[in-house]
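Trainee: Below you will find the structure I want to go over with you.
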Amino acid sequence: MHGMERVGDLELRDNGPLVSVIMPAYNAGKYISEAIRSVLSQSFCNWELLVVDDRSADDTAEKAESFCAYDPRVRLYRGEKNVGAKRSRDFALKMARGEWIAYLDADDCWESDKLQKQLEFAKEKNAEFTYTASSFMNERGEPYGWIMNVPETIGYRELLKQNLISCSSIMVKKSLLLYNVPSGDGTHEDYALWLTLLKRGVLAYGLDLPLLRYRISRDSKSGNKLRSALMTYRTYRLAGLSRLEAARAMFPYAFKSIKKYRNIRNSRNIQR
């Protein structure tokens with residue numbers, strides 16, 4: 015990504031961070047402070063946070079910059095043009111110094127022990143790719159009361175049926191992310207990456223604790239079922255499936271997705 019401006023200085027007290035947290039942000043001024051605070055509140059402290067503002071039209075960058083002065087572990091980069099979340103993450107990955115990479119979208123939040131528990135889990139399982147369960151909240155941060163549980167391990171065939179790996183929940187060895195995945199058109203590129211890694215034999219380990227609070231808003235990609243289905247099909251194609259393989263994979267994926275969103279909808283109704 016050309017023309018990226020670094021904001022703030024970084025002086026770490028040791029040999030560098032163990033975990034690099036990457037946060038792409040676009041017009042996230044409404045939520046980004048809450049997201050950053052959830053990183054600052056982590057019980058595990060050896061991290062760096064790389065925020066990449068993707069040419070936001072609101073006060074996203076200004077809010078993120080205020081945290082750079084507060085904590086030198088927070089680094090802000092501002093792009094000259096809008097390039098999308100995937101390329102923003104790719105840029106931050108080149109700047110990252112950690113052994114582990116964790117993604118956090120600017121409208122999501124972590125529980126305070128997320129990194130600590132996930133690192134302990136990765137060590138216990140000798141895992142290079144881990145993810146966690148998720149709880150769900152609305153635009154105001156109010157919980158829906160439903161948790162997406164995850165299996166302890168998931169392979170390529172299982173992941174084709176349903177994407178249980180929330181992007182903001184993952185923690186993965188940086189070395190694994192050197193795989194070259196096509197940029198695509200902005201549709202479920204994280205899912206395409208998980209499929210590519212698992213197809214090459216990587217095993218993803220799930221920590222079944224809701225350490226991610228995932229925000230569902232009217233603007234979220236998951237809000238439109240038809241659009242989400244088309245995005246999923248394109249993701250399969252991006253991950254290397256033929257048209258026939260992608261079509262076959264859509265049936266179990268669609269069934270499980272309907273069940274997932276029905277649970278969220280029922281939780282909303284209970285709240286009312």
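As numbered in our numbering, residues 15 to 286 make up the sequence shown, in order.
Using N, Cα and C, we set each Cβ at its ideal position, and we do this for glycine too.
Look at ASP119 and SER182 and say whether their C-beta atoms are less than 8 Å apart.
Mentor: yes
Trainee: In the DSSP assignment, find the unbroken beta strand (DSSP E) run with ARG92 in it and report its ends.
Mentor: For ARG92, the enclosing beta strand (DSSP E) covers residues 88-92.
Trainee: Using 8 Å as the Cβ pair cut-off and three pairs as the minimum, do the segment 154-163 and the segment 201-218 touch?
Mentor: Contact fails: fewer than three Cβ-Cβ distances are below 8 Å.
Trainee: Would you mind working out which of ARG111, ALA218, SER47, GLU113 sits nearest GLU76, comparing C-alpha positions?
Mentor: SER47
Trainee: For LYS187, collect the residues of the same chain with a Cβ closer than 8 Å to its Cβ; drop the 5 residues on either side in sequence, then sort them by chain order.
Mentor: GLU113, TRP114, ILE115, GLU142, PHE143
Trainee: Judging by CA-CA distance, which residue of GLU153, LEU223, GLU166 is the nearest neighbour of ASN140?
Mentor: GLU166
Trainee: Based on Cα-Cα distance, which residue from ARG229, ARG227, PRO31, VAL35 lies nearest to ARG103?
Mentor: VAL35
Trainee: Going by the CB atoms, is the gap between ARG101 and VAL65 shorter than 8 Å?
Mentor: With contacts defined by Cβ atoms closer than 8 Å, VAL65 and ARG101 do not form a contacting pair.
Trainee: Give me, in chain order, the residues of the same chain whose beta-carbon lies closer than 6 Å to that of GLN130; leave out the 5 immediate sequence neighbours on both sides.
Mentor: SER57, PHE58
Trainee: Within a Cβ cutoff of 7 Å, which residues of the same chain sit near LEU54, ignoring the five residues on either side of it in sequence?
Mentor: ASP85
Trainee: With DSSP collapsed to three states, give me the class of VAL33.
Mentor: strand
Trainee: Do ALA78 and ALA39 have their beta-carbon atoms positioned less than 8 Å apart in this structure?
Mentor: At a Cβ-Cβ threshold of 8 Å, ALA39 and ALA78 count as neighbours.
Trainee: Expressed to the nearest angstrom, what Euclidean distance is found between the alpha-carbon atoms of MET37 and LEU223?
Mentor: 22 Å
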